Every structure is written in structure tokens, then in C-alpha cells.
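**Student:** So the sequence shown is numbered by the working numbering: it starts at 10 and just counts up by one. Backbone N, C-alpha and C fix where the C-beta goes; we use that ideal spot for every residue, glycine too. Fair warning: this is a prediction, and the values are worked out from it, not measured in the lab.
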Amino acid sequence: MPVNGGTERTTTVIIGTGLSGLAVGAELRRRGVDAIVVDGLDILGAGQPANTASLQRCDAADSDSLRERNEILRHLRNYAASHHMDVRNTTRAVQLTMVGGAPSGNTAGTTAGSPSGKWEVHTPNGILLADNIVLTRCAHSQLRRMLSDFGITVGRNLVAAMRQIGIYLVGVGELITPSPKEVLRQAKTVGQAISATVQATVHPESAAAV
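1. Is the beta carbon of Ile-203 sitting closer than 8 angstroms to the one on Val-42?
2. Could you spell out where the alpha helix (DSSP H) holding His-93 opens and where it closes?
3. With H, G and I counted as helix, E and B as strand and the rest as coil, what does DSSP make of Asn-141?
4. For a quick check, are the C-beta atoms of Ile-272 and Val-143 less than 8 angstroms apart?
5. With DSSP collapsed to three states, give me the class of Thr-162.
6. Whose C-beta lies closer than 6 angstroms to the C-beta of Leu-82 among residues of the same chain, with five residues either side of it excluded?
7. Would you say Gly-180 and Arg-146 are within 8 angstroms of each other, going by their C-beta atoms?
8. Helix or strand or just coil, what does DSSP make of Arg-101?
9. May I have the straight-line CA-CA distance separating Val-96 from Asp-158, to the nearest angstrom?
10. Closer than 8 angstroms by C-beta to Thr-99: which residues in its own chain qualify, once you throw out the five before and the five after it? Chain order, please.
11. Residue range of the beta strand (DSSP E) that Gly-15 falls in?
12. Is DSSP giving Thr-206 helix, strand or coil here?
13. Secondary structure at Thr-198, three-state DSSP: helix, strand or coil?
14. How many angstroms separate the CA atom of Leu-193 from the CA atom of Gln-151?
15. Beta-carbon within less than 6 angstroms of Gly-56's beta-carbon, same chain only, minus the 5 sequence neighbours each way: which residues are those?
16. Can you grab the Cα-Cα spacing for the pair His-149 / Tyr-88, in whole Å?
17. Out of Ala-90, Asn-79 and Val-130, which has the shortest C-alpha to C-alpha gap to Gln-104?
18. Exposed or buried, what is Arg-172 when buried is set at 16 or more other beta-carbons lying within 10 Å of its beta-carbon?
19. Tell me whether the beta-carbon of Val-168 lies closer than 8 angstroms to the beta-carbon of Leu-178.
20. Using 8 angstroms as the threshold, is the C-beta distance between Leu-37 and Thr-21 below it?
21. Can you name the start and end residues of the beta strand (DSSP E) that Val-223 belongs to?
What follows is the structure, encoded as C-alpha cells:
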């Protein structure tokens with residue numbers, strides 16, 4: 010944990026300590042990708058710089074499949090504790106800043122090895138630098154506004170637009186909240202995608218050969 014005003018480097022910051030956040034955190038842990046799980050973002054108000062966005066809370070609970078959800082959560086929390094996952098329930102992300110501005114035609118893995126990271130996640134304890142961000146339980150309209158704040162034009166494929174800048178979604182439904190099984194499926198898919206970008210950075214010759 011960084012001291013107040015300090016910085017800390019990681020591969021992925023997962024915003025949301027509920028089912029979605031723990032599911033993707035566990036998936037990344039199994040794949041050997043370092044990640045920090047923090048609580049959801051608050052809304053900060055107007056007047057932010059062009060490369061900064063604020064989100065309303067994205068980890069609000071729902072009542073769908075509550076019993077199944079609680080059982081999966083129990084297993085994930087046990088997994089997190091036994092595998093020493095870096096879950097910071099009392100740390101809130103309060104601001105998200107893109108480092109270096111929006112890419113022009115780059116994929117999520119293109120700048121994943123940059124020394125400073127592509128994202129700054131501001132918390133009351135300091136700044137987390139990361140290549141990838143995972144957001145949970147955000148409305149699509151909210152995400153489109155966030156991309157607009159970053160100066161990025163979004164077409165019909167919101168998920169592809171976000172992945173291009175290293176932001177992944179787990180537990181985010183367009184109209185309804187995904188079921189627990191769907192959340193686990195999304196977590197596995199995102200875990201595979203982030204792991205692939207990490208491998209492409211570590212072994213670029215292998216990625217070029219594919």
C-alpha cells in the first residue's frame with residue numbers, strides 16, 4: 010500500500026470489490042497476472058481535465074440470484090484470502106486519469122509495457138499506475154460519457170472501444186444485471202484477454218509470429 014501521495018505500480022486495477030471484481034481478480038491470479046482490487050469510483054463533479062473521468066459507484070448490489078451470488082462470493086473471498094490476492098476493501102478509487110492521451114488506432118496491448126503505465130487510479134492513499142483497468146457494474150450510458158470525457162469517439166461496439174484503451178468490463182449489462190454464471194464467464198474472458206496482452210509485452214516475438 011503506498012503512503013499518502015505515493016505511487017504504486019501494478020498490471021491491472023480492478024474497480025469494484027463485489028462479485029465481479031473478485032471473479033476477475035481470481036482469474037488473473039490463476040493466470041499469474043498481478044492485480045489490485047479496490048472499491049468503486051465516486052462521482053467528483055465538474056471541472057476535471059480532459060484526460061480525467063469520474064464515475065458514479067459501479068459496484069451497487071442487486072437482488073437477482075442472491076443465494077447463488079452469496080455462495081459464489083463466499084468461495085471467491087476464501088480464494089482471495091488463501092491466495093493472498095490484493096483486495097483493498099477500504100480503498101476507494103476517486104479519479105481515473107489516462108496517461109499520455111487517447112491512442113490513435115492502437116490496441117490494448119500496444120503500450121502495455123510503458124514504464125509509467127497507461128492509467129492513474131487516484132485513491133486517498135496515493136496513485137496506482139496500471140496498464141489495464143477493469144470496471145464493474147457501470148451503465149453503458151455512463152461508460153460512453155466517460156469515453157467522451159477522454160476525447161474518444163465511440164461507435165456501436167462500446168466494449169471494443171474500451172478495450173482499445175485498456176479498459177475491460179465485467180458484470181456490466183446493457184439492460185439488465187448479468188447472472189452470477191454470466192459474470193464468471195465474463196471474468197474468464199477478460200482474464201484471458203489481459204493475460205494475452207501481458208504475454209505479448211513480455212514475448213513480442215511470439216505475438217508477432219501468431
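**Tutor:** For this structure:
1. For the purposes of this step, residue 203 is identified with residue 194 of the sequence shown, where counting begins at 1. For the purposes of this step, residue 42 is identified with residue 33 of the sequence shown, where counting begins at 1. Yes. Within cutoff.
2. Taking the sequence shown and counting its residues from 1, the one referred to as residue 93 is at position 84. Unbroken run through His-93: none, as it is neither H nor E.
3. If you number the sequence shown from 1, residue 141 lands on position 132. Secondary structure at Asn-141: strand, using DSSP grouped into helix, strand and coil.
4. Nothing can be reported for residue 272: it is not among the residues displayed for the chain, which extend from 10 to 219.
5. The count along the sequence shown starts at 1 and reaches residue 162 at position 153. In this structure, Thr-162 counts as coil in the three-state DSSP scheme.
6. Position 73 of the sequence shown, counted from the start, is the residue given in the question as residue 82. So the list reads Leu-28, once near-sequence residues are dropped.
7. Numbered from its first residue, the sequence shown carries residue 180 at position 171. Numbered from its first residue, the sequence shown carries residue 146 at position 137. In terms of Cβ geometry, Gly-180 and Arg-146 form a close pair [threshold 8 angstroms].
8. Taking the sequence shown and counting its residues from 1, one reaches residue 101 at position 92. The answer is strand: DSSP assigns Arg-101 an E or B state.
9. Translated into the one-based positions of the sequence shown, residue 96 becomes position 87. Translated into the one-based positions of the sequence shown, residue 158 becomes position 149. Taking the straight line joining both Cα atoms gives about 28 angstroms.
10. Counting from one through the sequence shown, the residue named residue 99 turns up at place 90. Here the set comprises Asp-48.
11. Here residue 15 is taken as the residue at index 6 of the sequence shown, counted from 1. 15–18 is the extent of the beta strand (DSSP E) around Gly-15.
12. Mapped onto the sequence shown, residue 206 falls at position 197. The three-state secondary structure of Thr-206, taken from DSSP, is helix.
13. Stepping through the sequence shown from its first residue, residue 198 is reached at position 189. Assignment of Thr-198 by DSSP, reduced to helix, strand and coil, places it in the helix class.
14. As a position in the sequence shown, residue 193 is number 184, starting the count at 1. As a position in the sequence shown, residue 151 is number 142, starting the count at 1. Annotation: Leu-193 to Gln-151 spans about 23 angstroms, alpha carbon to alpha carbon.
15. Start at 1 with the first residue of the sequence shown, and residue 56 comes out as number 47. In this predicted model, Gly-56 has a pLDDT of only 38, less than 50, meaning its place in the structure is not dependable; the value taken from the coordinates is given anyway. So no residue of the chain qualifies.
16. Mapped onto the sequence shown, residue 149 falls at position 140. Mapped onto the sequence shown, residue 88 falls at position 79. A direct Cα-to-Cα measurement between His-149 and Tyr-88 gives close to 30 angstroms.
17. Here residue 104 is taken as the residue at index 95 of the sequence shown, counted from 1. With distances taken between Cα atoms, Gln-104 lies closest to Val-130.
18. Locating residue 172 in the sequence shown gives position 163, where the first residue counts as 1. Arg-172 is buried by the Cβ-count criterion.
19. Indexing the sequence shown from 1 puts residue 168 at position 159. Indexing the sequence shown from 1 puts residue 178 at position 169. Yes, Cβ-Cβ distance for Val-168 and Leu-178 is below 8 angstroms.
20. Stepping through the sequence shown from its first residue, residue 37 is reached at position 28. Stepping through the sequence shown from its first residue, residue 21 is reached at position 12. Cβ atoms of Leu-37 and Thr-21: closer than 8 angstroms.
21. Any answer about residue 223 is impossible in this case: the structure gives the chain only from 10 up to 219.
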